[in-house]
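Engineer:
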Amino acid sequence: MAHIAKFRPTYPIHPNPRPRIETSSRADQERPRRLPSTHGAYSSTSYPQLPSTGTRSDRHAIECTPLYTDDSPEDEDGLKDGSSYSPTISEVDALEEAFSLYEKNSKSTDDKFLIAAINGDIRKAKNIIDDASNNSTFTTRPSQPLESTQSTPRSGKGTRDHSSLEDCLKHFWPQLPLGLDHAPFPIIWEIMRIALHCSVNIEEVELPYNEDWKHQDRLWEDIKAHPAFNGKTLPSKSDAQAWYDSIHNNFRDGERSISLKASMSLSGSSTGPFMELELQPLKHEQGCRLFRRFGPDRFLELTLPSISAWPKKSRGDEDTEIIASRWLTREPHSFLGRQWAAFWVKDGRKKSSLQESSPGMQSRPQILETIRLFAEAGRDFAKLGPIDARPPRAKNSIVRPYLTRAQMLDWLLNFEDNGSESYLKLFTRISLGLSKTTPFVLQENQIHHRENDLRYLATGDVMNDGIGRISPSLMKKLPNVLGGREIPCAVQGRIGSAKGMWITDVTDTSNEDWIETHPKQRKWECKWSDEYHHTLEIRSFSSKLKPANLNTQFLPVLEDRAIDKRAMRQTISDRISDEISKEMEYIKSALKHPELLRKWVFENSMHPPDRPCHDAIPFLGGLPAFDDDIINFLLDGGFDPLKQKYLLDRVVKRQRQKYEKLESEMKIKIGRSAYAYMVVDFLGVLEPNEIHLGFSSRFEDGVEDPLDLHGFDVLVGRCPAHFPSDIQKVKAVFKPELRHLQDVVIFSSKGDKPLADKLSGGDYDGDTAWVCWDPDIVNNFRSAKVPFKPNLSPYFKRDKTTVGELLKRHGKDKFIDVMIEQAFRFSLKQDFLGICTAYKEKFCHDRNCISDRPALALSSLLGDIADQAKQGIIFGQKDWDAFQRDMLSKGHYKSSPKKQIQQPDHILDFLRTRINAVICDELNAFNGFIREGPVKAYLYDADLAGYWDRFQTDFEGGAENEGRHTRWVSTLKSRLRADIWDCAEFWSTSGTKASYQDKVWPPYERWRSISPCIEEGHQHDTIRSFLLQQGNFPPELSQWELLKASLAFTMSQRPKSDVPLSFVWQIVGRQLQYIKAQSTGLDKTAETRRGIPILMASNMYAALKPDGRYIRRLMSEEEGQSSAA
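Per this note's numbering, residue 286 is the first one in the sequence shown, and the count goes up by one each step.
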């Protein structure tokens, strides 16, 4: 039997489940790390509570004292905590028996028993139970598993099969080695991340903590040198600034936070674990309310494959979502020295996709579930007293207090005052506490809570659903936290329990700071006195509008409502051809003018939405991490795209990516259209079917460049667009009273139904509308009435359980945990919105119709299940089958759409064919422009190769100077060449299965370790000092690094070179760019000299933006000179 280590809890022990036992033996890997629990009920009473006779606030606020400290006293055997202890087999059996007895007995013995178990005194623990039993001091307390209205555990063979999957999940989390008990959490995270990446069982590794590991480079040096990681390819490092902030600034950088993210992926193994864990590098992101209140490092974001992709259940087994929800929510997850409790799940609609930031990276879409976990306790947590008594701001946030997820959620959602709310709807409101926002602290008296919404008297419909007003004085202060931008007229955000849009009250002249909320904005009863609940959290804001892409969902609606359908197709087809041709002429001109090319890159940026926001452009090895930044970086260094083929290839690749995206996503730009936030006319000056849209500057639509749309007939639409009525034709007017509200589309507050509601049930809480004033499209369109909605209630069930009902049923101590598990179970069920949407689109595509009865029924279904979680709608496979059988035309509900359309009958097929043809023609013309241009692009660059040549010439001189004083140069070169070959070979043989980032970093680190090899002599120190220039230049730009880069570039230019050019640019691109920039300042002819190059600080470089006026003036002057010539 494996030895049982001395029990070393690094977190509070939960009275209900049996304590966890760790084994000191590494041989028996099959032994479970945790004794199985007979019930596993995870409750908010997991930490010591005051007697039930106390008040609710007392019981809610009580906290646990740390059970593990740095100065652990010696036990009776003279062993300190963490030392090895090997009980006999009989002692192990006795402890297991004690655990079994413990679960049946009263709380009076809990603490004594736990203290004995904690200290490793197995005999004493057993005696405590025995004595208490003999004295009849125990009272029976049967275990109470979580109740479920949806299923009950099964026994027999199904249970055994079920246990195999659940046991696999239960023991999923890897544990830490003994040496890291007192390491700071960022160090623990990074070591575990490296170990998982390298497939190293960290529990078997001896890794005593070193204080120097707070320096990231020192940690990585020691990891590389450790025998367990010998020959392993390490992952990329966490961002250096994120590392510093996590170590020294408590995971914060001002209002930005350092996020903890992990992912699980299917392993494909039939014998081992079916999922593999991966930790993501530490990085910055916007903070959220929960981060700011409790600390970013208490929240772990975990993504895992959709439950539908998990191994199929055995016969008689429970549904997978039941097993998954039970595993995720009932018991805490012991990981990284902390106890994590799952509290939120986002349904599996998120698409996982790797951005192609570098060659070799491919997009891998996957449906994922996103889980959020909260660290309730940990070895580095402490008792700070009741939650309401703690300092509200970050003054004492370095020390994390024990806190249950129930307490954390109660702080956010105030369950006591929201008993009438649906528990599922309230559960979805947790997302408001996780929204990435920028905070602006207000005083409670600055928030005005209105008692009524704007309503249409005849019907009682709310006309301002989701929107309120804000004072001009307060709006003027917001740019201070938004990065100094221009004053917006509208912001989307959250404050307390309210969410939505807020627009400037143009009638206010009080010069006071205030904001209002309306009943429809307030989603639950909130404790507004809390500082964090009266902080305005800004998610987005209005800004200058630009021409919009036409969403493909609008195309069938435009054709369905077209007066002349053939003309509508031709109009959109012409817009596609014009836009692609215009784009190609732009890029041809930009290749001749590097300044214009930089502007083109800026306007067509494909940066991923989660691009890091640092004080510098993120790099991957020697080049920026993203293609757009690489092009800009090389342009800024003085490379000419028509002369340097590496840069030209990047530009061509970037243009092809844009066309591929156009082909696949059909994002058709319509010059006279824009997406704008929808807001409402609080002044009541707009009549029904009137809108107001004014621009903050002239809108560049390529025709009129208007400042407003007064007098235009326009189309307004909103996605998702399933009904023919989801695009409406209205009249644009200009109202002087609304002139200050710019770059938003203002809808009338009059009429029998809000215009936003006509557009696929929209509201004003942040929805955007597509506004089009292209006369060829607008004049060929007629609006449809909102169709009658069929009664689909027979196909739905609803879970209407309220928070109060759960409280009554399960009691104050458990109802929140029950709510979480049941909400998880609901959310992890198969999501039919995506299934039904795909079916509807294929169904309507196949029949080329969106307005007949079956199509409208499908559209109504999508509208109902869009808010499935919020409304508690239960809709499964049987319901979907019944709907198809009853509501869809015979012969269609079972048949799949045609795989190929022989004739482009549908507008999407027609336009896709047209796009392919136009792109093919334009690319052929572009390739001809490159081939037949007056200047040829080459991979070779004399400036880059000449840097080493000049160095060698200067120090070796002619043949008459050869001797022992110059021999060091040839020796240095020969040894450097050998090091370059070795590093290039390491690059070529590195694993192809790893991501491109992981392929780059190991060779890059090896490259950086190449130091000058100089023969010992009287000049040794002088030469070394000259090359390294320590203290005078950044190490990356020392003379030595520049010489290394130049020689590597020269070696890559030889035919059939063993030094790949891709390796050279990726590893030493920074140095090559610096050499090139230096060469632009050398004395050349007047035509080529560009002035002295300018160095920039990295934070200033990251903020660069092309100056359109300067570029236009420069091109105008060049065109004038060409005309004069």
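Even for Gly, the Cβ is constructed at its ideal location relative to N, Cα and C.
Just so we're clear, the structure is a prediction, and the values are computed from it rather than from any experiment.
Taking just the CA atoms, how far does K850 sit from D1190?
Structural biologist: In a straight line, the C-alpha of D1190 is about 12 Å away from that of K850.
Engineer: Should G923 and A1387 be called a contact, given that it needs their Cβ atoms to be closer than 7 Å?
Structural biologist: Not in contact: G923 and A1387 (Cβ atoms no closer than 7 Å).
Engineer: Evaluate G441 with the Cβ neighbour count: other Cβ atoms within 10 Å of its Cβ, from every protein chain shown; 16 or more gives buried, anything less gives exposed.
Structural biologist: A caution first: G441 carries a pLDDT of 32, below 50, which makes its placement in the model too unreliable to give a value.
Engineer: When you compare the stretch 1007-1027 with the stretch 1068-1080, are there three or more beta-carbon pairs, one atom per stretch, that lie closer than 8 Å?
Structural biologist: Contact holds: three or more Cβ-Cβ distances are below 8 Å.
Engineer: I902 to P1391, Cα distance in whole Å?
Structural biologist: Each residue's Cα considered, the two are about 16 Å apart.
Engineer: Classify E1326: buried if its beta carbon has 16 or more other beta carbons within 10 angstroms, exposed otherwise.
Structural biologist: With 16 or more Cβ atoms within 10 Å of its Cβ, E1326 is classed as buried.
Engineer: Rounded to the nearest angstrom, how far is the Cβ of R1083 from that of I1158, given a contact under 8 Å?
Structural biologist: Rounded, the Cβ-Cβ distance is 6 Å, consistent with contact.
Engineer: Under 8 Å by Cβ, that's how I've got T802 and I732 pegged, so tell me the actual separation to the nearest angstrom.
Structural biologist: The pair is a contact, with the Cβ atoms about 7 Å apart (cut-off 8 Å).
Engineer: At the level of alpha carbons, what is the spacing between Y960 and K954?
Structural biologist: Answer to the nearest angstrom: the Cα atoms are 12 Å apart.
Engineer: Which value, in whole angstroms, describes the spacing of the CA atoms of C1004 and D1116?
Structural biologist: About 20 Å.
Engineer: Do Y1289 and I1360 count as a contact pair if the criterion is CB distance below 7 Å?
Structural biologist: In this structure, Y1289 does not lie closer than 7 Å to I1360 by Cβ.
Engineer: If we count the other Cβ atoms within 10 Å of its Cβ and call it buried at 16 or more, is Y1340 buried or exposed?
Structural biologist: Reading off the sequence shown, one finds Pro at residue 1340, where the question assumed Tyr. Classification for P1340: exposed.
Engineer: Rounding to the nearest angstrom, what Cα-Cα distance links I1200 and G1218 in this structure?
Structural biologist: Cα to Cα, I1200 sits roughly 26 Å from G1218.
Engineer: Going by alpha carbons, who is nearest to C273 out of I823, M1385, V999, K1016?
Structural biologist: Only positions 286 to 1410 of the chain appear in the structure, and residue 273 is not among them; the question remains open.
Engineer: Just tell me which of E586, S591, S593, I607 has its CA closest to the CA of F628.
Structural biologist: For the residues E586, S591, S593, I607, the minimum Cα distance to F628 belongs to E586.
Engineer: Quick one: complete alpha helix (DSSP H) runs, 4+ long, within the stretch 1083-1124?
Structural biologist: List check, alpha helix (DSSP H) in window: 1088-1095, 1100-1112.
Engineer: Which residue wins for smallest C-alpha separation from K1284, given the options S1296, F1271, R1293?
Structural biologist: Selected option, being the one with the closest Cα: F1271.
Engineer: Decide if the stretch 1211-1226 is in contact with the stretch 923-932; the criterion is three or more beta carbon pairs, one per stretch, under 8 Å apart.
Structural biologist: Contact holds: three or more Cβ-Cβ distances are below 8 Å.
Engineer: Determine the direct distance from the alpha carbon of S1401 to that of L881, and round the result to whole angstroms.
Structural biologist: For L881 and S1401, the distance between alpha carbons rounds to 12 Å.
Engineer: Can you find the residues in the same chain that come closer than 6 Å, C-beta to C-beta, to E361, ignoring five residues on each side of it along the sequence?
Structural biologist: Caution applies to E361, whose pLDDT of 36 falls short of 50 and renders its modelled position unreliable; the value that the coordinates give is listed next. Correct list: empty, nothing qualifies.
Engineer: Does the separation of the CB atoms of I780 and V964 fall below 7 Å?
Structural biologist: Not in contact: I780 and V964 (Cβ atoms no closer than 7 Å).
Engineer: Could you round the C-beta distance between Y1124 and T1053 to whole angstroms and report it? I think they count as a contact, below 8 Å.
Structural biologist: Between T1053 and Y1124 the Cβ distance is about 26 Å, and since that is not below 8 Å, they are no contact.
Engineer: Going by beta-carbon coordinates alone, are E606 and L1113 separated by less than 7 Å?
Structural biologist: Yes, these two residues count as a Cβ contact at 7 Å.
Engineer: Within its chain, find whatever has a CB closer than 6 Å to the CB of S550; leave out the 5 residues flanking it on each side and keep chain order.
Structural biologist: Excluding sequence neighbours, S550 sits near E561.
Engineer: Check G1002 in the structure and name its three-state DSSP category.
Structural biologist: DSSP places G1002 in strand when its eight states are reduced to three.
Engineer: Compute the Euclidean distance between the alpha carbons of G269 and D1048, then round it to the nearest angstrom.
Structural biologist: Because residue 269 is not part of the residues shown, which for the chain are 286 to 1410, the question remains open.
Engineer: So what's M748 in DSSP terms, helix, strand or just coil?
Structural biologist: Looking at M748 - three-state DSSP - the assignment turns out to be coil, as it is neither helix nor strand.
Engineer: Quick one, are the C-beta atoms of Q940 and I848 less than 7 Å apart?
Structural biologist: In this structure, I848 does not lie closer than 7 Å to Q940 by Cβ.
Engineer: Between which two residues does the beta strand (DSSP E) harbouring M549 extend?
Structural biologist: Where M549 is concerned, the enclosing beta strand (DSSP E) stretches over 541-551.
Engineer: Could you give the first and the last residue of the continuous beta strand (DSSP E) run that contains R779?
Structural biologist: R779 -> beta strand (DSSP E) spans 775-780.
Engineer: Work out the CA separation of W528 and G778 for me, nearest whole Å.
Structural biologist: When rounded, the distance between both Cα atoms is 30 Å.
Engineer: Is W1292 buried or exposed, if buried means 16 or more other CB atoms sit within 10 Å of its CB?
Structural biologist: W1292 comes out buried.
Engineer: Just the C-alpha distance for W498 and L504, rounded to the nearest angstrom, thanks.
Structural biologist: So the alpha carbons of these two residues sit roughly 4 Å apart.
Engineer: Here's the rule I'm using: 16 or more other beta-carbon atoms within 10 Å means buried, otherwise exposed. How should W1233 be labelled?
Structural biologist: Its Cβ being crowded by 16 or more others within 10 Å, W1233 is buried.
Engineer: Name the one or two DSSP bridge partners that I1412 has.
Structural biologist: The structure shown does not extend to residue 1412, since the chain is modelled only from 286 through 1410, so no value can be given for it.
Engineer: Measure the C-alpha to C-alpha separation of E948 and D1267 and round it to an integer number of angstroms.
Structural biologist: About 43 Å.
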